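Residue numbers (this note's numbering), protein chains in the order written: chain E, 51 to 306; chain W, 936 to 1268; chain S, 148 to 448.
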């Protein structure tokens, strides 16, 4: 069964077609890569899925429920969490509180409960802290929990974004260039982390320029060019596809 | 942790000072301290909006006015006892805030600033023009009675002092709890980066609105106390300068609750200390505003990071969501 | 109909003055992202300086009304430009890298300081500009009797606005100002001296604001030390209305606000004049959250 389904999605910015009639599916429990040259519209597709943009045409189904046009926070609570291409952490807040931001939508305490610190509120808070500490441990940042997020290394900031997303109990995790700015060693560790995420039963959809990473972990690739899909399929098939080679010829951001 | 925490020491000292103040200062200064308490109340409520959620709101005097006038009208026209009007004054201000804030809450920084200034001006002009025949025009409303608690009439300075500072104390506890909760954190996320906050699952416009409404509720209740203390209120008590002072108290405070109290003392107490300069008083005050911001651009006491007990693990019965055996990298890195 | 056109012209004259003051707000905002709340009081200072120069220094007596007004116009602009320059150096430059609201509080402090300085120097009473300075010819146009002063104010404000536009659009310095407004960091890297540009903006904006103060003195004949609050607030409203940081927007916003106010005062109720201006502002911002000419900057994700 497909967890996420895009049907004829188009997004236009002032006459410029960023995404053109795009349809693809993401199967439950898989790791899918969305690739393509710079400016192909990959991040725009992500922003349509996460509710930051509303597509002009077409529809997006998550678990057979239409989500196109819903506000981002609604989509997170439905079970889609994301990371940002340009890291968007709360830099002055401690690492733990960044993770707690992701947990927010699973907590219930209302205004009055928060002002009075009721028993239920305190229990929920304790659970949230424990859960977020687990996620920090999962990505290897637990010992940094009290430091301001802005002081972390670039690679660790990307990991913290993943931990923050995981704290919201997603069923689908959307990663926008998770290896961007990471060194060799960090990228290797990241591959392991993404595979562990999938082993927890979370479906992963990612944009990535590091082709070795993509080839290694994705079960399916969707290739975009100028907002349209030119091919989709298994990584080894895609790699051999002449259209893909054509599209990437001369593109210097590809490391095959 | 150090055995002596400077902030805790400062808080304890301030609390003690506030308790004994009525025994050591004269009626005039006691009155000043009642004003300081009132501004502290207003600034604490504005701090939720401006300090914690980072919403540029310079119109808090409008909510203060709605509360004060609600109390004054209910008391003088309908003979309600003062303290009974307090929840209603808060509710009226909160309701007003909800109506005006809903369409404008998404406006960016400086646009919101001028709109909130505009709201103060609209409210003041509406009050001046005796809207609905209830507000008494430029004369305002007089003959507001004194509050009574269980038959005990509050009229003396000392009694007002304890009423106001008692309210400040309760508000401090409630707002501190609020700060240290998912609600307070949500406001901080919004202040830091509202797009990221929304992307993490926080209903940004909802929280902004609730922050506004909550702040207005408190300002409305402060309006009740003000009306009862003055027994006469007029539109000019709720002008733009009033909003500016509350705004400046919050910015100078740095955002922590202790900072708000200290800042309120500086801002409201300073002009009184300068009384001997008579006419030049506000000149020095304006200069001091510049000097204080240049001296401490980040404010007197910025809030500290919240503390969490990270030692606790998930309660029994919660299904394990993370498989540590195979995934933990904490030891390897 | 006659009343309508008279109100319209009156609105354009007042609106032109709002626009001149609004330009100061919007230019400073453009390069520093700061709302210079003291700008309204620089306008007041302009009005008082003008009066002092004309009457106390007897320039009006020496040169005759026309030449006196023109020369004092220039002198006031230069002197208020100097005040603006000093203001930036003392109150804003130390806060350049602090939070934006810290600078706003400093600006509010400067405003209180200036207002009280004027009060201490001149006293709390209002002052009257001598009548003979006011050109009192009338122009007959389209069957209307239009006071000449009204046309002169409109003409002067339009001329100043055109001159400023030409300066910003056509000169190298103007291009540098635009560059700093878009991205101070990048401008610095391209070899633009950002400090100098900011200082320059703090000369031009207050200079125009001070000149506007003098115009109000001559137009209405009466000034007082609190006038900066209301004019400043209106001009700031105008700048926002047009889209803050946008120079044509400030001009359009000023003229529009002046006309709306004049018509509201004439047809609705004088007592609600100020409230109506803010109502219109709120309505327009609900429809266009970035003001009439303000560009919607897409948030990068």
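Glycine included, every Cβ here is placed at the ideal spot set by N, Cα and C. Predicted model, so just to flag it, every value in this text is computed and none were measured.
* Sequence-distant residues of its chain with Cβ nearer than 8 Å to residue 266 of chain E (five each side left out) -> 241
* Rounded to whole angstroms, what's the CA-CA distance from residue 346 of chain S to residue 1149 of chain W? Just pull it up for me. => 42 Å
* Does residue 1265 of chain W get closer than 9 Å to chain E when you measure Cβ to Cβ? -> Caution is warranted here: a pLDDT of 41 is assigned to residue 1265 of chain W, below 50, making its placement in the model unreliable, and no coordinate value can be reported.
* **Option in S:420, S:156, S:232, S:148 with minimal Cα separation from residue 286 of chain S** => The shortest Cα separation from residue 286 of chain S among S:420, S:156, S:232, S:148 belongs to S:156.
* To do: Could you check which residue in W:1215, W:1092, W:1112 has the C-alpha nearest to that of residue 970 of chain W?
  => W:1092
* Between residue 1003 of chain W and the rest of its own chain, which residues show a CB-CB distance below 6 Å, the 5 nearest in sequence each way excluded? -> 1158, 1161, 1162, 1168
* To do: Using the Cα positions of residue 1191 of chain W and residue 1028 of chain W, report the straight-line distance between them to the nearest angstrom.
  => Taking the straight line from one Cα to the other gives about 24 Å.
* Relative to the C-alpha of residue 165 of chain S, which residue among S:426, S:441, S:396, S:438 is closest? -> That would be S:396, whose Cα lies nearest to the Cα of residue 165 of chain S.
* Go through the segment 250-278 of chain E residue by residue and report every complete run of the alpha helix (DSSP H) that reaches 4 residues or more, in order. => 261-267
* Asked: Do you know offhand how far residue 950 of chain W's Cα is from residue 973 of chain W's?
  -> 16 Å
* Using a beta-carbon distance below 9 Å, is residue 1250 of chain W in contact with chain E? -> The pLDDT assigned to residue 1250 of chain W is 48, lower than 50, so where the model puts this residue is not dependable; a value taken from the coordinates is nonetheless given after this. Cβ-Cβ to chain E under 9 Å: yes for residue 1250 of chain W.
* Asked: What does residue 1004 of chain W touch in chain S if you count any residue whose Cβ is under 9 Å from its own?
  -> What residue 1004 of chain W touches in chain S: nothing, since even the nearest Cβ is about 16 Å away.
* Asked: Any residues in the segment 256-279 of chain S with a beta carbon nearer than 8 Å to a beta carbon of chain W? Which ones, in chain order?
  -> 256, 257, 258, 259, 260, 261, 262, 263, 264, 266, 267
* Asked: Beta-carbon of residue 966 of chain W versus every beta-carbon of chain S: anything under 9 Å?
  -> Residue 966 of chain W does not count as touching chain S.
* Got a sec: which bits of the segment 221-246 of chain S sit with their beta carbon under 7 Å from any beta carbon on chain W, in order along the chain? -> 238, 241, 242, 245, 246
* What does residue 1107 of chain W reach in chain E if we use C-beta pairs closer than 7 Å? -> The contacting residues do not exist; residue 1107 of chain W stays about 12 Å from chain E at best.
* Asked: Considering only C-alpha positions, which residue in the set S:394, S:384, S:414, S:238 is nearest to residue 427 of chain S?
  -> Looking at the Cα atoms, S:384 is the closest of the given residues.
* Where the alpha helix (DSSP H) containing residue 151 of chain S begins and where it ends -> 149-179
* Asked: Is the closest heavy atom of the ligand MN to the C-beta of residue 272 of chain E under 8 Å?
  -> Judged by which ligands are present, the structure shown has none, so any question about the ligand MN falls away.
* **Closer than 9 Å to chain W by CB, residue 439 of chain S** => No - not a single Cβ of chain W is within 9 Å of the one on residue 439 of chain S.
* Beta-carbon neighbours of residue 195 of chain E, restricted to chain W and to distances below 7 Å -> By Cβ distance, chain W contributes 1245.
* To do: Kindly indicate if chain W contains any beta-carbon less than 9 Å away from that of residue 166 of chain E.
  => yes
* Would you say residue 980 of chain W and residue 166 of chain E are within 9 Å of each other, going by their C-beta atoms? -> With a cutoff of 9 Å on beta-carbon distance, residue 980 of chain W and residue 166 of chain E are scored as not near each other.
* To do: Report all residues from its chain with a CB closer than 8 Å to the CB of residue 1129 of chain W; omit the five preceding and five following residues, and keep chain order.
  => The answer, listed in chain order, is 1139.
* **Alpha-carbon spacing of residue 1285 of chain W relative to residue 349 of chain S, whole angstroms** => Here chain W covers residues 936 to 1268 and nothing more, so residue 1285 of chain W does not appear.
* To do: Compare the beta carbon distance of residue 975 of chain W and residue 1195 of chain W with 9 Å and say whether it is the shorter of the two.
  => yes
* What are the start and end residues of the alpha helix (DSSP H) that includes residue 999 of chain W? -> 995-1013
* Please state if the CB of residue 170 of chain S and the CB of residue 386 of chain S are separated by a distance shorter than 9 Å. => Contact: yes.
* To do: List the residues of chain S whose Cβ lies closer than 7 Å to the Cβ of residue 1215 of chain W, in chain order.
  => 267
* Give a yes or no on contact between the segment 153-169 of chain E and the segment 221-232 of chain E, applying the rule of three or more CB pairs nearer than 8 Å. => no
* How big is the Cα-Cα spacing for residue 995 of chain W and residue 1106 of chain W? -> 17 Å
* To do: State yes or no: is the C-beta of residue 82 of chain E within less than 9 Å of the C-beta of residue 256 of chain E?
  => yes
* To do: Measure the Cβ-Cβ separation of residue 1198 of chain W and residue 1235 of chain W and say whether it is below 9 Å.
  => yes
* **residue 1240 of chain W classed as buried or exposed, judged by whether at least 16 other C-beta atoms fall within 10 angstroms** => That one is exposed.
* Among E:206, E:140, E:210, E:215, which has the Cα closest to the Cα of residue 132 of chain E? -> E:215
* For residue 255 of chain S versus residue 1121 of chain W, is the C-beta spacing smaller than 9 Å? -> no
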